[in-house]
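Chemist: With this note's numbering applied, the sequence shown has no gaps in its numbers, which climb one by one up to 174 at the end.
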Amino acid sequence: MADRPMAERPVHGTADGPSDGDWHVEVISTADTHSVRLAVLRADTPTKDVTFAEDELPGVVHLGVRLDGRLVATSTWIPRPLPDATARELGAGPDVAASAVQLRGMATMHDLQGRGVGAALIAAGCAHAGRLGASVVWANARDRALAFYAREGFVAVGDGFVDAVTQLPHHVVVRPL
């Protein structure tokens, strides 16, 4: 099974954690991400734009979780170097910095947060990044989600900032693979 593409290896589970159950992680289209991005990532921001400039770049993968056929979580995985300041802060060499994957658009519907669905997306996305040869995964994480990212093995690096699009406080988070 290790040599099969991710789309052919969905991760199954229940809303309470991994097991054989009602939900699965799968590769989805960019358009499929929009409803969850709008409901979760844009609910409390001045913009309702759910597209990212990187959505259609070569190598970008969108993952989703379906629960009983309904899309309930999404994430986008972009082969992209660590930001220079983050690489310096970590003391990461050029090979590590260049072989990174950025996580964007991590979103789980509010009624399913804290039940293992987001953790499954992180696990599947990090496995994908590892297959690409990435050394690290990084994201611009909302401060209110930092505890989630810490549970998933990410560490906050550097000073926080207010994201220009969402107007919400963020930190860069990094997870070694």
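Here a beta-carbon is modelled for each residue, glycine too, at the ideal position from N, C-alpha and C.
1) If you count every other CB in all the chains shown that lies within 10 Å of the CB of Thr30, and 16 or more means buried, which is it?
2) Buried or exposed, going by whether 16 or more other CB atoms sit within 10 Å of the CB of Phe145?
3) On the premise that Leu60 lies in contact with Ala104, defined as a C-beta separation below 8 angstroms, what is that separation, rounded to the nearest angstrom?
4) Could you spell out the range, first to last residue, of the beta strand (DSSP E) harbouring Pro55?
5) What do you reckon, are the CB atoms on Trp74 and His125 nearer than 7 angstroms?
6) Can you tell me which residues form a DSSP beta bridge with His167?
7) Out of Ala36, Ala161 and Val58, point me to the one whose CA is closest to Val22's CA.
8) DSSP three-state call for Gly61: helix, strand or coil?
9) Between which two residues does the alpha helix (DSSP H) containing Thr30 stretch?
10) Since I believe Arg77 is in contact with Val98 (beta carbons under 8 angstroms), could you give me their beta-carbon distance rounded to a whole number of angstroms?
11) So, with DSSP's three-state summary, where would you put Arg67?
12) Can you have a look at Ala131 and say buried or exposed, based on whether 16 or more other CB atoms are within 10 angstroms of its CB?
13) Buried or exposed: Ser26, going by 16 or more other Cβ atoms within 10 Å of its Cβ?
14) How many Å lie between Glu149 and Gly88 at the Cα?
15) Comparing alpha-carbon positions, which option in Ala136, Asn137, Val24 and Ala153 lies nearest Gly56?
16) Nearer than 6 angstroms: is that true of the beta carbon of Asp92 relative to any heavy atom of the ligand COA?
Modeler: On the basis of the data shown:
1) buried
2) In this structure Phe145 is buried. Its beta-carbon is surrounded by 16 or more other beta-carbon atoms within 10 angstroms.
3) Contact flag wrong, Cβ pair sits at about 11 angstroms.
4) That residue, Pro55, is in no beta strand (DSSP E); it is neither H nor E in DSSP.
5) yes
6) Arg139 and Phe158
7) Val58
8) strand
9) Thr27 to Val33
10) 7 angstroms
11) strand
12) buried
13) exposed
14) 22 angstroms
15) Val24
16) Summarising the ligand content, the structure contains no ligands, and the ligand COA is consequently not present.
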